[in-house]
Structure formats: structure tokens, C-alpha cells
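Under our numbering, the first residue of the sequence shown is numbered 2, with each subsequent residue one higher. C-beta atoms are modelled at their ideal positions from N, C-alpha and C, and glycine is treated no differently. Take a look at the structure set out below.
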Amino acid sequence: MNLSITVQDAINQLGAINEFVKKDIPLSAELAWNLDENAENIKSVVVRFEKLRNEVLSSLCENNAIEPIEGTDSYRAAKGHEEEFNAALNQINEYLNHEVSFDIKTVTKNDVPAKLSLNDLRALKFMIADA
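This is the structure in C-alpha cells:
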């Protein structure tokens with residue numbers, strides 16, 4: 002099955018999968034295998050985004066165009082670099098909104114454990130063929 006999602010959705014989906022996997026819920030071999038393969042495909046999109054985002058941020062750092070906001074993990078435009086900073090943010094947002102497509106391995110509802118939380122089901126829903 003082909004999945005088309007934005008990079009932002011891929012980031013969110015990978016986070017949901019990682020949270021699900023941390024719970025170490027017993028899964029059928031097919032579900033575990035397919036989930037791992039799908040997670041790797043999604044992770045490759047996230048890694049590519051992080052590389053591109055880091056290139057944009059590195060350019061801002063090299064030009065001293067950003068400064069950290071004290072007490073946070075965030076940055077703001079350095080004085081006189083607002084236009085460059087905003088252009089970089091727009092570029093990052095374009096990357097986040099970019100649509101990507103890839104093949105995913107599916108499973109049936111019967112392959113999914115019966116007792117899962119709503120969040121667990123949401124983490125798997127993208128790969129359930131008869132959902």
C-alpha cells in the first residue's frame with residue numbers, strides 16, 4: 002500500500018510508533034516485522050528533514066543570525082537578521098509541509114492485539130489494511 006503524508010505527519014507518526022514500541026506489547030511476528038520496516042521508512046524521511054533543517058540552521062549560526070532564548074530550546078533572530086531568520090523559518094516550514102510517498106507493509110485487524118489503548122491504535126492505524 003502506498004502512503005502519502007507530509008513530513009510533519011511523518012515526524013508525528015514516528016513519535017507515536019516509538020511510544021507504542023516502548024510499551025513492549027506482545028505482537029504477532031507479521032505485525033512486529035511490518036511495523037519495524039514501516040518505522041524505518043518513516044525514520045528515513047525524518048532523518049532527511051533533520052539534515053535539511055540543520056543545514057538551514059547552520060547557515061544562520063555561521064552568519065550569527067540567531068541567538069538562543071534563555072531558559073528554552075528555542076532561538077530568535079539576532080538584531081538586524083530578522084529577514085534572514087524569517088526566510089529560514091519559511092524554508093523549514095516548506096520542508097515540514099512537503100508531501101512524501103512510500104510503500105508500507107500492511108496488516109489486518111486480526112493481526113492487531115485486541116486490548117490496545119486509543120493512542121496505540123492510532124500509532125498502528127496507518128498500516129491496517131482494513132481499517
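Tell me the DSSP secondary structure of residue i in three-state form.
i      : result
Glu100 : strand
Ile12  : helix
Val108 : strand
Glu84  : helix
Ile67  : strand
Leu117 : coil
Take residue i as the anchor and find which of the options has the nearest alpha-carbon.
i      : options                      : result
Asp131 : Val113, Ala115, Thr109       : Thr109
Gly88  : Leu117, Glu31, Arg54, Asp37  : Per the sequence shown, residue 88 should be read as Ala rather than Gly. When each option's Cα is compared against that of Ala88, the closest is Arg54.
Asn39  : Ile105, Gln9, Ser60, Thr7    : Ile105
Val33  : Glu56, Leu117, Lys80, Val113 : Reading the sequence as shown, one finds Ala at residue 33 and not Val. Of Glu56, Leu117, Lys80, Val113, the residue nearest in Cα terms is Val113.
Any heavy atom of the ligand FAD inside 7 Å of the beta-carbon of residue i?
i      : result
Asn120 : The ligand content of the structure shown is nil, which means the ligand FAD is not present either.
Exercise. Mind listing, in chain order, the continuous alpha helix (DSSP H) runs of no fewer than 4 residues lying wholly within the stretch 8-59?
Key: 8-23
Exercise. State whether the stretch 8-22 contacts the stretch 45-59, with contact taken as three or more CB pairs (one from each stretch) at a distance under 8 Å.
Key: As far as the Cβ criterion goes, the stretch 8-22 touches the stretch 45-59, which means the pair count is three or higher.
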